[in-house]
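Heads up: the sequence shown begins at 218 in the working numbering, then just goes up one per residue.
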Amino acid sequence: MSDPKKKYPEAYEICEKFILNKQHMDEIVYRLTKEINMGLTRDTHPRATVKCFVTYVQELPTGKERGKYLALDLGGTNFRVLLVNLINEKDIDITGKTYAISKELQEGPGIKLFDFIASCLAEFCKENKMDQSNTPLGFTFSFPCKQVGIDNGTLVAWTKGFKAEGVVNQNVVELLRDAIKRRGDFKVNVVAILNDTTGTLMSCAFNHRNCKIGMIVGTGSNACYVEKTANTETFDGYQNSTKPNMIINCEWGAFGDNGVLDFIRTPYDHQVDKQSINPKKQIFEKCISGMYMGELVRLVLLELMEKQVIFKGQTSQSFLIKGKFDTSFITEIESDQPGSHRNAAMVMDRLGIRTNNEKDLECLRFICETISTRSARLAACGLVCLINKMNVKELTVGIDGSVYRYHPHYHRLLTENMNMLLKGSVKFELVLSEDGSGRGAALIAAVCAK
Ligand code: BGC
Numbered sequence: 218m219s220d221p222k223k224k225y226p227e228a229y230e231i232c233e234k235f236i237l238n239k240q241h242m243d244e245i246v247y248r249l250t251k252e253i254n255m256g257l258t259r260d261t262h263p264r265a266t267v268k269c270f271v272t273y274v275q276e277l278p279t280g281k282e283r284g285k286y287l288a289l290d291l292g293g294t295n296f297r298v299l300l301v302n303l304i305n306e307k308d309i310d311i312t313g314k315t316y317a318i319s320k321e322l323q324e325g326p327g328i329k330l331f332d333f334i335a336s337c338l339a340e341f342c343k344e345n346k347m348d349q350s351n352t353p354l355g356f357t358f359s360f361p362c363k364q365v366g367i368d369n370g371t372l373v374a375w376t377k378g379f380k381a382e383g384v385v386n387q388n389v390v391e392l393l394r395d396a397i398k399r400r401g402d403f404k405v406n407v408v409a410i411l412n413d414t415t416g417t418l419m420s421c422a423f424n425h426r427n428c429k430i431g432m433i434v435g436t437g438s439n440a441c442y443v444e445k446t447a448n449t450e451t452f453d454g455y456q457n458s459t460k461p462n463m464i465i466n467c468e469w470g471a472f473g474d475n476g477v478l479d480f481i482r483t484p485y486d487h488q489v490d491k492q493s494i495n496p497k498k499q500i501f502e503k504c505i506s507g508m509y510m511g512e513l514v515r516l517v518l519l520e521l522m523e524k525q526v527i528f529k530g531q532t533s534q535s536f537l538i539k540g541k542f543d544t545s546f547i548t549e550i551e552s553d554q555p556g557s558h559r560n561a562a563m564v565m566d567r568l569g570i571r572t573n574n575e576k577d578l579e580c581l582r583f584i585c586e587t588i589s590t591r592s593a594r595l596a597a598c599g600l601v602c603l604i605n606k607m608n609v610k611e612l613t614v615g616i617d618g619s620v621y622r623y624h625p626h627y628h629r630l631l632t633e634n635m636n637m638l639l640k641g642s643v644k645f646e647l648v649l650s651e652d653g654s655g656r657g658a659a660l661i662a663a664v665c666a667k
C-alpha cells in the first residue's frame, strides 16, 4: 500500500495514536508481569487488578480420558448444552444445542437466567434420554470467578455486556444446582466450574501434551497458564500440595483498570469505555476483544466523516448508532485480496453508504488494520509475559475466540510480534483449540471423576 501518511493524512493522524512500538510493548510486558505477581501473592491479591484466580485444575489430560460427560457453556450471547463422548484419543463425539441468551436474560434477574439455563439443560437431557443418569457435568462459565474448589466459583463481576442481578458475589454452581432442584425433573452431577480459557488449554493439551497456555480473543479476552503450585499463594495447600502444577486463570481483561495502561489509550478507547455498561473496568479487554474492536473503527470513521474527509462526508443513520460496526466487518474487510475492495464496499453498502471510491475504501482498510494490529500486539504482549514467567523454551499455546479464529491475519500478527518480543530462542506453536468450552469441560469433568 502506498504511504498512508501522505495518502490520507487525517486518518493517519488518528491511527497513529493506536500504533504500539517495541518500547511500548516491552513496557506492557513489564507492567503485566508486575500485576500478575500481585495477583498471585496472598498479601497483594485483594488489591490486585489482574486477579490470577486459582482454578483447582492441577492436572492436564493424559489423552486416556474416556466416557460421556455433559457440558454447559455460558459466556456470550449464546448458551450451549453439549454431550461429549470421549471415545478414544482421536475420536471425540460432541452433540449439542445452542440457545440464544436474550438481552432481557443478560440484564434481568439472575434467577431467570439460571431458570432458563436449567430449562435448556432439562430439554436436552430428555431429548438424549439422560435425564435420570446423573451424568457428570462441567460448567464453562466465562466470567471472572473466585474459586475455592473445583465446583465452587463466586462471580466477582460480570463482563461482556452481562449484568443479570443477584449473581455477583454468589457461588454460581449453587445457583445452577438450585435452579435444577426447583425443576426437579432431571438429575445431573455438577462436578466442576471452569473458565473458557481453562477449557481451551485442556482441550488443546489432550492432543498437544506441551500446551501450557490457553487464550481467548473473542467477544472478551483472557488467558490461563500452568503455574508452579508453590507460587500460587492464594491456594491454601500451596506449600504442601502433592501436585506440582496449578492452572491459573489470569483474568487479564482487567489489566489497566488501575490506570497502568493509560499511556497507550486513545481518546477513542476512553469513549468506548465511557459508553460501556462497565465503565473503568476490563480496560485491556476493551483494547483487544471483538466486543469493542468494531466500535473503535466506527468512532474513528465517524470523526473522519464529520471532518468530511472520507465518503464525501456522507454518513448514514446506521453509522450513528453505537455497535453498528460489527467486529466481523473488520475480518471481512481485511479478507479482501490486495488491490480489491469488494468486501469493503459491501460492508459500507450494508451500513447505508454507497461508494466505490478506492482511496476511501483503502483508507477504511487501513483503519481496520490499525485496530486489529493493536489488538494482536497487545495479545502478543500478554502471551510473551506468560511465557517469560513460566521460563519455558518450548510450548504450545491453545487459542480460541472469534477474532483469532476468523481474522485473516491475526495468527501471523501474533507470531511476528511474539518473535520480536521474546528474548532468547523460544519455540512456540499457536494452535486453534477446538471447542474448549465443550471438550475442555468434559476433560475436566473426567479428570475430576477419576
Ligand atoms: C471474562 C473471562 C473470559 C473472557 C473470554 C472475559 O470478559 O472475564 O472470564 O475468559 O472474557 O471469554
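Backbone N, C-alpha and C fix where the C-beta goes; we use that ideal spot for every residue, glycine too.
| Query | Result |
| --- | --- |
| Cβ-heavy atom distance between Glu324 and ligand 1 below 7 Å? | no |
| Which residues does DSSP pair with Ser336 in a beta bridge? | Answer by DSSP bridge pairing: none, since Ser336 is not bridged. |
| Given this structure, state the Cα-to-Cα distance separating Glu324 from Phe403, to the nearest angstrom. | 27 Å |
| Given the structure, does Glu252 come close to ligand 3, in the sense that its CB is under 7 Å from one of the ligand's heavy atoms? | In terms of ligand content, the structure shown lacks ligand 3 and carries ligand 1 instead. |
| What three-state label does DSSP hand Leu347 in the structure shown? | Looking at the sequence itself, residue 347 is Met, so the reference to Leu does not match. Looking at Met347 - three-state DSSP - the assignment turns out to be coil, as it is neither helix nor strand. |
| Can you check whether the CB of Ser420 is closer than 8 Å to the CB of Glu611? | no |
| Leaving out the 5 sequence neighbours to the left and right, which residues in its chain are closer than 8 Å to Pro625 when beta-carbon positions are compared? | Thr548, Glu551, Ser552 |
| For Val389, which residues from the same chain have a beta carbon less than 6 Å from its beta carbon, with the 5 sequence-adjacent residues on both sides left out? | Phe358, Gly370, Leu372 |
| Rounded to whole angstroms, how far is the Cβ of Leu647 from the Cβ of Leu631, which I believe are closer than 8 Å? | 6 Å |
| How would you label Arg399, buried or exposed, when you count the other beta carbons within 10 angstroms and need 16 or more for buried? | exposed |
| So if DSSP puts Gln364 in a beta bridge, which residue, or which two residues, is it bridged to? | Gly370 |
| Pop quiz: Ile245 and Cys269 are said to be a contact at Cβ under 8 Å. What is the actual Cβ separation, rounded to whole angstroms? | About 17 Å separates the two Cβ atoms, so there is no contact after all. |
| Here's a check: name, in chain order, each residue in its chain whose Cβ is nearer than 8 Å to the Cβ of Leu578, leaving out the five neighbours to either side. | His558, Ala561, Ala562, Met565, Thr572 |
| Is Ala381 helix, strand or coil by DSSP? | coil |
| Whole angstroms are fine: how far does the CA of Lys234 sit from the CA of Lys314? | 43 Å |
| Taking DSSP as the reference, what is the three-state secondary structure of Gly657? | helix |
| Less than 8 Å between C-beta atoms, sequence neighbours within five positions excluded: which residues of the same chain meet that for Val301? | Lys285, Tyr286, Leu287, Ala288, Ile309, Asp310, Ile311, Gly655, Arg656, Ala658, Ala659 |
| From Asp332 to Thr436, what does the alpha carbon distance come to, in whole angstroms? | 24 Å |
| Among the candidates Lys380, Leu518, Lys377, whose CA atom is the shortest distance from the CA of Ala228? | Leu518 |
| List the residues that DSSP assigns as beta-bridge partners of Ile309. | Leu303 |
| In whole angstroms, what separates the C-alpha of Thr352 from that of Leu393? | 15 Å |
| Would you mind listing the alpha helix (DSSP H) stretches within the region 613-654 that are 4+ residues and don't spill past its ends, in chain order? | 619-623, 627-638 |
| List the endpoints of the continuous alpha helix (DSSP H) containing Cys232. | 226-232 |
| Would the beta-carbon of Asp474 be found less than 7 Å away from any heavy atom of ligand 1? | no |
| If distances are taken between C-alpha atoms only, which option among Asn238, Gln456, Leu277, Arg515 comes closest to Leu581? | Arg515 |
| Between Glu227 and ligand 1, is the CB less than 7 Å from at least one heavy atom? | no |
| From Pro326, Gln364, Gly401, pick the residue whose C-alpha is nearest to that of Glu382; which is it? | Pro326 |
| Extract the residue ranges of the beta strand (DSSP E) inside the region 386-464, only unbroken runs of 3 or more that lie entirely within it. | 405-411, 428-434, 438-445 |
| Considering only residues of the same chain and omitting the five flanking positions on each side of Asn406, which have a CB-CB separation below 7 Å? | Asn351, Thr352, Pro353, Leu354 |
| Mind reading off the beta-carbon distance from Asn475 to Thr266? Whole number of angstroms is fine, and I expect it under 8 Å. | 5 Å |
| From the DSSP secondary-structure annotation, give me the bridge partner or partners of Lys285. | Asn302 |
| Would you mind sorting Glu512 into buried or exposed? The rule is 16 or more other CB atoms within 10 Å of its CB. | buried |
| In or out: Pro263 buried (at least 16 other Cβ within 10 Å) or exposed? | exposed |
| Can Asp413 be considered in contact with ligand 1, in the sense that its beta carbon sits closer than 7 Å to one or more heavy atoms? | yes |
| Kindly identify the DSSP beta-bridge partner or partners of Lys223. | In DSSP, Lys223 forms no bridge with anything. |
| Buried or exposed for Tyr273, please, with buried defined as at least 16 other CB atoms from any protein chain shown within 10 angstroms of its CB. | buried |
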